[in-house]
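Numbering (the numbering used here), first residue to last: 463 to 562.
Beneath this line is the structure, given in structure tokens, with notes to follow.
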Amino acid sequence: MRKTLAAALVLVLSFAVPTSAQAVVKEGATCKTINKLSKTKTNTFVCLRSGGKLILVPKYKKCADAVAAGRAPIVIDEDPVLYLANQTLDRDKDGTACDS
């Protein structure tokens, strides 16, 4: 009876505990593969090297998204990693994205 109860308990607990934990995707979180994109329902992040560590940096589709997040303008001298992730938004290539 005890062996059956113990086996049933182990079986139930094995289904209750997830086998792999889902990593939280947020700005500044560590990542493992450089240039890999991670997406949430509302944001896209890219894994870039900053200060010897790999971190997630937000990648905006358009300047309106950066403005809504309060991150515009994105200046290369102020935040080079954020600028690198969003350099496609710098149309005139002057080192400032979303400046207009």
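Glycine residues also receive a C-beta, built at the ideal position from the N, C-alpha and C atoms.
Given the structure is predicted, the values throughout are model-derived calculations rather than measurements.
Self-check item: Separation of L551 from C525, as counted between CA atoms
Solution: Start at 1 with the first residue of the sequence shown, and residue 525 comes out as number 63. Start at 1 with the first residue of the sequence shown, and residue 551 comes out as number 89. If I take the Cα positions, the gap works out to 7 Å.
Quiz item: Does the stretch 506 to 521 touch the stretch 533 to 547, meaning 3 or more C-beta pairs lie closer than 8 Å?
Solution: yes
Practice problem: Take P564 and list the residues in its own chain whose beta-carbon comes closer than 6 Å to its own, dropping the five residues that flank it on each side. | Solution: Here the chain has residues from 463 to 562 only, and residue 564 is not among them.
Exercise. With DSSP collapsed to three states, give me the class of V529.
Key: For this step, residue 529 is matched to residue 67 along the sequence shown. Three-state result, V529: helix.
Quiz prompt | Reduced DSSP secondary structure (H/G/I, E/B, other) of R553 | solution = Taking the sequence shown and counting its residues from 1, the one referred to as residue 553 is at position 91. Reduced to three states, the DSSP call for R553 is coil.
Quiz prompt | Within 8 Å, strictly: CB atoms of L518 and E540 | solution = Position 56 of the sequence shown, counted from the start, is the residue given in the question as residue 518. Position 78 of the sequence shown, counted from the start, is the residue given in the question as residue 540. Not in contact: L518 and E540 (Cβ atoms no closer than 8 Å).
Quiz item: How long is the line joining the alpha carbons of S482 and K555, rounded to whole angstroms?
Solution: Walking along the sequence shown from the start, residue 482 turns up at place 20. Walking along the sequence shown from the start, residue 555 turns up at place 93. Its pLDDT being 43, under 50, S482 is placed unreliably in this model, and the value from its coordinates should be taken loosely. Their Cα atoms are separated by approximately 43 Å.
Quiz item: Just curious, the alpha helix (DSSP H) that V543 is in, first and last residue?
Solution: Here residue 543 refers to the residue found at position 81 of the sequence shown. Its alpha helix (DSSP H) spans residues P542 to A547.
Quiz item: Roughly how many angstroms lie between the CA atoms of R533 and P542, to the nearest whole one?
Solution: Within the sequence shown, residue 533 is the residue found at index 71, counting from 1. Within the sequence shown, residue 542 is the residue found at index 80, counting from 1. Their Cα atoms are separated by approximately 13 Å.
Quiz item: Between which two residues does the beta strand (DSSP E) containing I496 stretch?
Solution: On the sequence shown, position 34 is the one that residue 496 refers to. Element bounds for I496: n/a, residue is neither H nor E.
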